[in-house]
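Read through the structure below, which is laid out as structure tokens, and then see the notes.
Numbering (our numbering), first residue to last: 806 to 1025.
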């Protein structure tokens, strides 16, 4: 029996890494065989290291790079990791990913404001990832929804992130990302977990309880 592939998605500052760690720890505590990975793999892959150079603005403004060219770089990073993920799934292990193909749908799709053109890009992207590079298709994508202004405030006051990149600090891009997320999440039928309740930020444990409730039944 093959394992399930779960993706935790969200814009910069939404708390994806924290939620992946909490969920993985909780499942392992129950004896569930689970592995996790974070994309991009900046220090582990050929494509990942080149993506990092772009995000560090060594080659220009990454936001202005054509979305298809950007998507190819991220798809290449996932391609280099494809066999690792496939091996875990074939061994019956469940895999939880911090970002995946869905990240390119969001971050590159946000560069395209025309809905029809964005739709065409999403179809092209899925052909690239799933048909050409043979990436595993996720069984569930959970989107951590946090307003752009809240994310911006958290990112700019987080002492753990002293060197924010242009994509994280560009407020216009982050606002476009928020709009794109609303479009794509509905189109792709992602599960949505709001990081706010009554206008206030939920605790990481409270968010994780809801996340666990969505994911756990899929693993039975």
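Positions of the beta carbon are idealized from the N, C-alpha and C atoms, including for glycine.
All values reported here derive from a predicted model rather than from experimental measurement.
Margin query: Quick check on DSSP: helix, strand or coil for residue 944?
Written below: Counted from its first residue, the chain shown places residue 944 at position 139. Coil at residue 944, not helix or strand.
Check: When the Cα of residue 1016 is compared with those of 824, 820, 939 and 883, which residue comes out closest?
Finding: Residue 1016 sits at position 211 when you count from the first residue of the chain shown. Shortest Cα-Cα distance from residue 1016 to any of 824, 820, 939 and 883 involves 824.
Next item on the list: Work out the CA separation of residue 979 and residue 952 for me, nearest whole Å.
Entry: Taking the first residue of the chain shown as position 1, residue 952 is located at position 147. Taking the first residue of the chain shown as position 1, residue 979 is located at position 174. About 9 Å.
Checklist line | Euclidean distance between Cα positions of residue 977 and residue 897 | finding: Residue numbering aside, residue 977 sits at position 172 when the chain shown is read from its first letter. Residue numbering aside, residue 897 sits at position 92 when the chain shown is read from its first letter. Near 42 Å, if we compare the C-alpha coordinates of residue 897 and residue 977.
Next item on the list: Pick out the complete alpha helix (DSSP H) segments inside the stretch 871–900, 4 residues or longer, and give them in chain order.
Entry: You should have 872–895.
Checklist line | Residues bridged to residue 807 (per DSSP) | finding: Mapped onto the chain shown, residue 807 falls at position 2. Bridge pairing for residue 807: absent [DSSP].
Next item on the list: Please classify residue 1008: does DSSP put it in a helix, a strand, or coil?
Entry: By one-based count along the chain shown, residue 1008 stands at place 203. Looking at residue 1008 - three-state DSSP - the assignment turns out to be coil, as it is neither helix nor strand.
Checklist line | residue 950 versus residue 866 - alpha carbon distance | finding: Taking the chain shown and counting its residues from 1, one reaches residue 950 at position 145. Taking the chain shown and counting its residues from 1, one reaches residue 866 at position 61. If I take the Cα positions, the gap works out to 26 Å.
Margin query: Here's the rule I'm using: 16 or more other beta-carbon atoms within 10 Å means buried, otherwise exposed. How should residue 829 be labelled?
Written below: Working through the chain shown from its first residue, we reach residue 829 at position 24. Residue 829 should be labelled buried.
Next item on the list: Check residue 950 in the structure and name its three-state DSSP category.
Entry: Counting from 1 along the chain shown, the entry for residue 950 is found at position 145. When secondary structure is reduced to three states using DSSP, residue 950 falls in the strand class.
Item checked: Bridge partner(s) assigned by DSSP for residue 843 -> Sequence index remark: in the chain shown, residue 843 carries index 38 (1-based). Its beta-bridge partners are 903.
Next item on the list: Mark residue 864 as exposed unless 16 or more other C-beta atoms lie within 10 angstroms of its C-beta, in which case mark it buried.
Entry: By 1-based counting over the chain shown, the position of residue 864 is 59. Here residue 864 is exposed, its C-beta having fewer than 16 other C-beta atoms within 10 Å.
Check: Is residue 854 near residue 913, with beta carbons less than 8 Å apart?
Finding: The residue labelled residue 854 in the question sits at position 49 within the chain shown. The residue labelled residue 913 in the question sits at position 108 within the chain shown. No. Outside cutoff.
Checklist line | Own chain partners of residue 832 with C-beta closer than 7 Å, once the 5 adjacent residues on each side are dropped | finding: Stepping through the chain shown from its first residue, residue 832 is reached at position 27. Excluding sequence neighbours, residue 832 sits near 839.
Next item on the list: Tell me whether residue 807 counts as near the ligand ATP, meaning its Cβ is closer than 7 Å to at least one heavy atom of that ligand.
Entry: The ligand ATP is absent from the structure shown, which contains no ligand whatsoever.
Next item on the list: Have a look at residue 808 and residue 1024 and give me their C-alpha separation to the nearest angstrom.
Entry: Within the chain shown, residue 808 is the residue found at index 3, counting from 1. Within the chain shown, residue 1024 is the residue found at index 219, counting from 1. Computed Cα separation, rounded: 8 Å.
Item checked: Inter-residue CB distance, residue 941 and residue 827 (contact presumed, cutoff 8 Å) -> Walking along the chain shown from the start, residue 941 turns up at place 136. Walking along the chain shown from the start, residue 827 turns up at place 22. That pair is no contact at about 23 Å.
Margin query: Is the beta carbon of residue 946 closer than 8 Å to that of residue 885?
Written below: Position 80 of the chain shown, counted from the first residue, corresponds to residue 885. Position 141 of the chain shown, counted from the first residue, corresponds to residue 946. With respect to residue 946, residue 885 sits apart: the two C-beta atoms are not nearer than 8 Å.
Checklist line | Helix, strand or coil at residue 813 [DSSP, three-state] | finding: Taking the chain shown and counting its residues from 1, one reaches residue 813 at position 8. DSSP places residue 813 within a strand segment (E or B) once states are collapsed to three.
Note to self: If you measure between the beta carbons of residue 872 and residue 926, is that distance less than 8 Å?
What the structure shows: Here residue 872 refers to the residue found at position 67 when the chain shown is read from its first residue. Here residue 926 refers to the residue found at position 121 when the chain shown is read from its first residue. Yes. Within cutoff.
Checklist line | Per DSSP, the bridge partner or partners of residue 998 | finding: Residue mapping note: residue 998 aligns to position 193 of the chain shown, counting from 1. The partner list for residue 998 (beta bridge, DSSP) reads 949.
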